[in-house]
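Asks: Questions regarding the structure given below will be posed in turn.
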Amino acid sequence: MQLDALYQEIILDHYRNPHHAGLAEPYDVEVHHVNPSCGDEVTLRVSLDGDVVTGVTHQSAGCSISQAATSVMTDLVIGKPVADGMATYEKFLELMQGRGTVEPDEDVLEDGVAFAGVAQFPARVKCALLGWSAWRDATAQALASTNGVLNHEGAGNG
Amino acid sequence: MTTRPVFGSPLDLQSVRADFPILSRELAGGHPLVYLDSANSSQKPHQVIEAVRRHYAEHNANVARAMHQLGAEATAAYEGARDTIAAFVGASRREEIVFTKNASEALNLAAHTLGSRLKPGDEVVITEMEHHSNIVPWQLACERTGATLRWFGVTDEGRLDLSNAGELINERTKVVALTFVSNALGTINPVGEVAAMAHAVGATVVVDGSQAVPQLPVDVSTLGADLVAFTGHKMVGPTGIGVLWGRYDLLAGLPPFLGGGEMIEVVRMTGSTYAPPPARFEAGTPPIAQAVGLGVAAAYLTGIGMDKIAAHEHAITSYALEGLKTVPGLTILGPTEAVDRGGAISFELDGVHPHDIATVLDTRGVAVRAGHHCARPVHERFGVQASTRASFYLYTTPEEIDALIDGLGFVRSYFKVD
Numbered sequence: 008m009q010l011d012a013l014y015q016e017i018i019l020d021h022y023r024n025p026h027h028a029g030l031a032e033p034y035d036v037e038v039h040h041v042n043p044s045c046g047d048e049v050t051l052r053v054s055l056d057g058d059v060v061t062g063v064t065h066q067s068a069g070c071s072i073s074q075a076a077t078s079v080m081t082d083l084v085i086g087k088p089v090a091d092g093m094a095t096y097e098k099f100l101e102l103m104q105g106r107g108t109v110e111p112d113e114d115v116l117e118d119g120v121a122f123a124g125v126a127q128f129p130a131r132v133k134c135a136l137l138g139w140s141a142w143r144d145a146t147a148q149a150l151a152s153t154n155g156v157l158n159h160e161g162a163g164n165g
Numbered sequence: 006m007t008t009r010p011v012f013g014s015p016l017d018l019q020s021v022r023a024d025f026p027i028l029s030r031e032l033a034g035g036h037p038l039v040y041l042d043s044a045n046s047s048q049k050p051h052q053v054i055e056a057v058r059r060h061y062a063e064h065n066a067n068v069a070r071a072m073h074q075l076g077a078e079a080t081a082a083y084e085g086a087r088d089t090i091a092a093f094v095g096a097s098r099r100e101e102i103v104f105t106k107n108a109s110e111a112l113n114l115a116a117h118t119l120g121s122r123l124k125p126g127d128e129v130v131i132t133e134m135e136h137h138s139n140i141v142p143w144q145l146a147c148e149r150t151g152a153t154l155r156w157f158g159v160t161d162e163g164r165l166d167l168s169n170a171g172e173l174i175n176e177r178t179k180v181v182a183l184t185f186v187s188n189a190l191g192t193i194n195p196v197g198e199v200a201a202m203a204h205a206v207g208a209t210v211v212v213d214g215s216q217a218v219p220q221l222p223v224d225v226s227t228l229g230a231d232l233v234a235f236t237g238h239k240m241v242g243p244t245g246i247g248v249l250w251g252r253y254d255l256l257a258g259l260p261p262f263l264g265g266g267e268m269i270e271v272v273r274m275t276g277s278t279y280a281p282p283p284a285r286f287e288a289g290t291p292p293i294a295q296a297v298g299l300g301v302a303a304a305y306l307t308g309i310g311m312d313k314i315a316a317h318e319h320a321i322t323s324y325a326l327e328g329l330k331t332v333p334g335l336t337i338l339g340p341t342e343a344v345d346r347g348g349a350i351s352f353e354l355d356g357v358h359p360h361d362i363a364t365v366l367d368t369r370g371v372a373v374r375a376g377h378h379c380a381r382p383v384h385e386r387f388g389v390q391a392s393t394r395a396s397f398y399l400y401t402t403p404e405e406i407d408a409l410i411d412g413l414g415f416v417r418s419y420f421k422v423d
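See below:
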């Protein structure tokens, strides 16, 4: 097990300076997800415009892998149609579950390719997927209440 | 070079370690195993492994109901294990030992059966340092009955806060449930003192002995508890077997927990009567080979001597506490001196998340636990989301503690925290 394969410099960069960290308003849906086995937590807000992801912000407490994966995820989905984000998730999931046998597509996963090494640490795969599960949940809820019915303006408490 | 603290143990560690085949395992990268996760699950000596194998190879059959030689042998082995465990914890009679599948089931049995007597206005008192398995069953019992759940707090030093004990334990208190040794803080609680207060108001005392029974000589006849739960896999025994010890007269008055075969006296379609303890609480085919293995495990620990195991635990804990204090940025959760303290040490390291610590240590062969160790409330009490925990047993050497301390130094340099 190569430590440097897990802790790529890109991952540590995202961990130290996570993108889209800090909960922003307005937003459509807020979710709170946890990894019950370890206690990692993420609060995540999603805004959609039609079927396009216009904003994802998060506040999380967790390890470097979960924090960095959430940061990378926000870069991958913001500004893209929901379907593209979901397709990217499938690619990321395939990489995570591939036990190191899947060659990541950098055109699709961008900084996400840095997580290829995580697949060789089965105990850490759930860390890398926490932010994604929160985003998928929030987005599905936002889509279900189309056209901003749930839009939280100003001091909305989510 | 830092100087290592002095270490003295009554155990011959080399010969103890020779009994545990897994301890000579090599991990990825050629690292020898440094197993510091025994509070999570202990390793097994070949005596236990062989006993389980031999039971399946030579004596396997169902117990109590098989009318043949193998059935008689399996029954004798299973009931023999009950005798061994009864002697191991000082039970006054063998019928006080109920086999369960783990400590969680034992605590659920306690909460369910004692819970059947609860009603609105009654109070159940637990502590903030409990494992989830001694919190959730009582929450469920209170939800079912309308009783109120209350709890002892924890001091900044990680001790039970007894300052409001007089108010907390009162005439409404029906059950007081607490851990003997905290799995997260390592604190050894004053069970006798709390039990005396509980008994003074007529409450029943339930003790989670999961971390205590493996490490300390425990004598239930003088402990003060009415029910004590513990588990096999933390005391060099198999998984899938736990124990609830209870005072016989208390057990005899409790209703059944799970229904099924072997726990009955007479079953009619209109209703059933139930067997006396312990059978009343052992519905269905029990974990037979696991009980046999647990009996051998208890005999193994007795052979080495629980007093010596406790002295070793104390010595290795002191050694580890001193070593951990030399790591910059490291904060120990719970008592920082080896006084009334078991050998599970949880800590934080500034700037590095526990998962990352555990993963980096793992690549060096050092196995620790990271997370909330099934004790989220006590982590919340200390404003911590998760921690890293190192825990020890009779086979833990000072060299392994050194490997942990060295590994933590490497963690700090790897994550560039300075």
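One line per chain: the protein sequences are A and B, in this order. Heads up, the first sequence is in our numbering, so the first residue is 8 and it goes up one at a time. Heads up, the second sequence is in our numbering, so the first residue is 6 and it goes up one at a time. Cβ coordinates follow ideal geometry from the N, Cα and C atoms, glycine included.
#1: Do we get a CB-CB distance below 8 angstroms when we pair His136(B) with the residues of chain A?
#2: At 7 angstroms on the CB atoms, spell out the chain B contacts of Ser71(A), in chain order.
#3: Applying a beta-carbon distance threshold of less than 8 angstroms, which residues of chain B neighbour Arg131(A)?
#4: Can you pull out the residues from the segment 366 to 379 of chain B whose beta carbon lies closer than 8 angstroms to at least one beta carbon of chain A?
#5: Nearest chain A C-beta to Arg381(B) closer than 8 angstroms, yes or no?
#6: What are the start and end residues of the beta strand (DSSP E) that includes Phe122(A)?
#7: Pull up the distance between the alpha-carbon of Gly242(B) and that of Glu101(B), whole angstroms please.
#8: Could you run through the segment 66 to 84 of chain B and flag, in chain order, every residue whose CB is less than 9 angstroms away from some CB of chain A?
#9: Report the residues of the segment 38 to 55 of chain A with a CB closer than 8 angstroms to any CB of chain B, ordered along the chain.
#10: So, with DSSP's three-state summary, where would you put Arg155(B)?
#11: Out of Arg99(B), Tyr419(B), Leu326(B), which has the shortest C-alpha to C-alpha gap to Pro403(B)?
#12: What is the DSSP secondary structure of Pro382(B), counted as helix, strand or coil?
#13: Can you name the residues of chain A whose CB is closer than 7 angstroms to the CB of Gln52(B)?
#14: Chain A partners of Gln216(B), CB-CB under 8 angstroms?
#15: Beta-carbon within less than 8 angstroms of Leu100(A)'s beta-carbon, same chain only, minus the 5 sequence neighbours each way: which residues are those?
#16: Starting from the Cα of Val297(B), find the closest Cα among Phe104(B), Thr401(B), Ile309(B) and give me that residue.
#17: Put Asp345(B) into one of helix, strand or coil per three-state DSSP.
#18: Closest to Phe286(B) by C-alpha separation, out of His204(B), Glu162(B), Glu270(B), Thr275(B), would be which residue?
#19: From Thr278(B), Tyr324(B), Pro282(B), Leu75(B), pick the residue whose C-alpha is nearest to that of Ser396(B); which is it?
#20: Looking at Ile174(B) and Trp156(B), is the spacing between their C-beta atoms short of 8 angstroms?
#21: Taking the C-alpha atoms as reference points, what is the distance between Gly71(A) and Ile18(A)?
#22: Smallest Cα separation from Ala108(B): which of Gly207(B), Val196(B), Ser46(B)?
#23: Using DSSP with H/G/I as helix, E/B as strand and the rest coil, what is Phe415(B)?
#24: Which residues does DSSP pair with Ala68(A) in a beta bridge?
#25: Let me see if you follow: with CB-CB separation under 8 angstroms, is Phe128(A) close to chain B or not?
#26: Which residues in the same chain have their Cβ closer than 8 angstroms to the Cβ of Ile337(B), if we skip the five residues on either side of it in sequence?
#27: Let me confirm a value: Ser215(B) is counted as buried when at least 16 other C-beta atoms fall within 10 Å, else exposed. Which label applies?
Replies: With the given structure in hand:
#1: Taking the second sequence and counting its residues from 1, the one referred to as residue 136(B) is at position 131. So no, His136(B) is outside the interface.
#2: Counting from one through the first sequence, the residue named residue 71(A) turns up at place 64. Within 7 angstroms Cβ-Cβ: His358, Asp361.
#3: Locating residue 131(A) in the first sequence gives position 124, where the first residue counts as 1. Chain B residues near Arg131(A): His360, Thr364.
#4: Asp367, Thr368, Ala375, Gly376, His377
#5: Position 376 of the second sequence, counted from the first residue, corresponds to residue 381(B). Interface residue, yes.
#6: What you label residue 122(A) is simply residue 115 of the first sequence in a count that begins at 1. Taken as a continuous stretch (DSSP letters only), Phe122(A) belongs to no beta strand (DSSP E), as it is neither H nor E.
#7: Residue 242(B) sits at position 237 when you count from the first residue of the second sequence. Residue 101(B) sits at position 96 when you count from the first residue of the second sequence. For Gly242(B) and Glu101(B), the distance between alpha carbons rounds to 20 angstroms.
#8: none
#9: Ser44, Cys45, Gly46, Asp47, Glu48
#10: As a first step, residue 155(B) is located in the second sequence; it is residue number 150 there, counting from the start. Three-state result, Arg155(B): strand.
#11: Start at 1 with the first residue of the second sequence, and residue 403(B) comes out as number 398. When only C-alpha atoms are compared, the closest one is Leu326(B).
#12: Start at 1 with the first residue of the second sequence, and residue 382(B) comes out as number 377. Helix, per DSSP.
#13: As a first step, residue 52(B) is located in the second sequence; it is residue number 47 there, counting from the start. Residues of chain A passing the Cβ test: none, with the nearest at roughly 31 angstroms.
#14: Taking the first residue of the second sequence as 1, we reach residue 216(B) at position 211. Ordered by position in chain A, no residue passes the 8 angstroms Cβ test against Gln216(B), which lies about 20 angstroms from the chain.
#15: Taking the first residue of the first sequence as position 1, residue 100(A) is located at position 93. Around Leu100(A): Leu136, Trp139.
#16: Reading the second sequence from its first residue, position 292 is the one you call residue 297(B). Val297(B) has its Cα closest to that of Phe104(B), out of Phe104(B), Thr401(B), Ile309(B).
#17: Start at 1 with the first residue of the second sequence, and residue 345(B) comes out as number 340. Note: Asp345(B) maps to coil in three-state DSSP.
#18: Position 281 of the second sequence, counted from the start, is the residue given in the question as residue 286(B). The shortest Cα separation from Phe286(B) among His204(B), Glu162(B), Glu270(B), Thr275(B) belongs to Glu270(B).
#19: Position 391 of the second sequence, counted from the start, is the residue given in the question as residue 396(B). It is Tyr324(B).
#20: Within the second sequence, the letter at position 151 stands for residue 156(B). Within the second sequence, the letter at position 169 stands for residue 174(B). Their beta carbons are not under 8 angstroms apart, which means Trp156(B) does not touch Ile174(B) by this criterion.
#21: For the purposes of this step, residue 71(A) is taken as residue 64 along the first sequence, with counting starting at 1. For the purposes of this step, residue 18(A) is taken as residue 11 along the first sequence, with counting starting at 1. First, the residue type needs correcting, since residue 71(A) is Ser and not Gly in the sequence shown. Distance between the alpha carbons of Ser71(A) and Ile18(A) is about 7 angstroms.
#22: Counting from 1 along the second sequence, the entry for residue 108(B) is found at position 103. Looking at the Cα atoms, Ser46(B) is the closest of the given residues.
#23: In the second sequence, the residue the question calls residue 415(B) occupies position 410. DSSP places Phe415(B) in helix when its eight states are reduced to three.
#24: Counted from its first residue, the first sequence places residue 68(A) at position 61. Answer is Glu48(A), bridged to Ala68(A).
#25: Along the first sequence, one-based indexing puts residue 128(A) at 121. Yes, contact with chain B.
#26: By 1-based counting over the second sequence, the position of residue 337(B) is 332. Once the five neighbours on either side are set aside, the close Cβ partners of Ile337(B) are Leu326, Leu329, Lys330, Ile350, Ser351, Phe352.
#27: Your numbering for residue 215(B) matches position 210 in the second sequence. So Ser215(B) ends up on the buried side.
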